[in-house]
Amino acid sequence: MRFEVLHRTVYRYSGPVRLGPHLLRLTPRPGRVAELSHALTVTPQPVARRDETDAHGNRVTRLEFAGETRALILESRFTLRTWAGREAPEGGPVPPLCAVAPEVAAFAAALGPPGGEPDRFLTALTEALHARIARQVRPTGAAWPAEVTLARGQGACRDLAVLFIAAAASRGIAARFVSGYQAESERPGGPRHMHAWPEALVPGLGWCGYDPTHGCAVGAGHVALAVAPDQAGTMPVEGGFIAGPVTAAMEVDLRVATAPDGAAPD
């Protein structure tokens, strides 16, 4: 599949501010992709920029600024090809198993007895979450705790990812949080949002992606930006500013066009 993505984030400030160091996770991760082009532009121009790979195998950009500004504009554009296959690159340490609430452990236990094939359990978990949790779009805010999403019976993609990670941990399976993009929008013709899903470490297969939001395995319709033990380690932009009593507002414009490989994107 061919992806063309424009991800533009604008921070506007009510008065002049001095920007602190920023960390960007806006470059696609390697693995199951062939990058055709990528441009990351920043306004105002940073005085220092370093492109690195972090401990989790994510491609990150570190920025430093000087002077004052009333806006920060970050624009990432890329074109790439993806291919099917849920196995992800090995990069990064295996996260420790998270604490699991009793109700989440009971939910996971009902999906089958322990000691079975991990992949079969994880597939059943993906399908169960898709059937049980009503999907909603919540553009901002941290993911809910796993037991909250389970009790409410609804949640955004990041909430389902956290619930999946906790349920997997209850069976002794390490899993991690992934942020990125998906080929299809949540609502046809609606605004685009970033997507989140989990990857689990399956013996004999390595890291495998599952998408409980859509009830399927991760494939060519997913592009990963960052992985980490939790959502906080995958945020696309980290940074702050120094100023007096000013207010800040954020605008995000995300456009995703896809097409079968060899065809023109929609």
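Mapped onto our numbering, the consecutive letters of the sequence shown carry residue numbers -1 to 264. Even glycine gets a Cβ: it sits at the ideal position worked out from N, Cα and C. Fair warning: this is a prediction, and the values are worked out from it, not measured in the lab.
Tell me whether residue i is buried or exposed, calling it buried when 16 or more other Cβ atoms sit within 10 Å of its Cβ.
i: Q43; result: exposed
i: E101; result: exposed
i: D209; result: buried
i: Q134; result: exposed
i: I240; result: exposed
i: S177; result: buried
i: S74; result: buried
i: R48; result: exposed
i: V244; result: exposed
i: M248; result: exposed
i: P26; result: buried
i: V92; result: exposed
i: T232; result: buried
Closer than 6 Å by C-beta to residue i: which residues in its own chain qualify, once you throw out the five before and the five after it? Chain order, please.
i: A181; result: G219, T256
i: S35; result: T77
Can you give me the start and stop residues for the beta strand (DSSP E) that residue i sits inside?
i: A222; result: 220 to 226
i: R0; result: 0 to 17
i: T39; result: 31 to 41
i: H20; result: 20 to 22
Return the chain-ordered list of same chain residues with a C-beta closer than 8 Å to the C-beta of residue i, the five sequence neighbours on each side being excluded.
i: W142; result: R150, G153, D157, V160
i: L123; result: A106, L109, F162, A165, A166, Y208, P210
In the DSSP assignment, find the alpha helix (DSSP H) that holds residue i and state where it starts and stops.
i: T147; result: 144 to 150
Please list, in chain order, all residues of the same chain as residue i whose beta carbon is under 7 Å from its beta carbon, the five residues on each side excluded.
i: A126; result: L109
i: G90; result: A53, H54, G55, V225
i: F119; result: L109, G110, R169
i: L70; result: Y9, L17
i: F63; result: L17, P42, P44, V45
i: P201; result: P116
i: S12; result: V244, T245
i: D228; result: F175
So what's residue i in DSSP terms, helix, strand or just coil?
i: T232; result: helix
i: G238; result: coil
i: D259; result: coil
i: A140; result: coil
i: G207; result: strand
i: R253; result: strand
i: R27; result: coil
i: V200; result: strand
Subject >> Sequence ranges, beta strand (DSSP E) only - wholly within the region 51 to 130, length at least 3 >> reply: 57 to 62, 67 to 80
**OP:** Identify every run of the beta strand (DSSP E) within the region 149 to 196, keeping only runs that are complete inside it and at least 3 residues long; order them along the chain.
**Re:** 173 to 180
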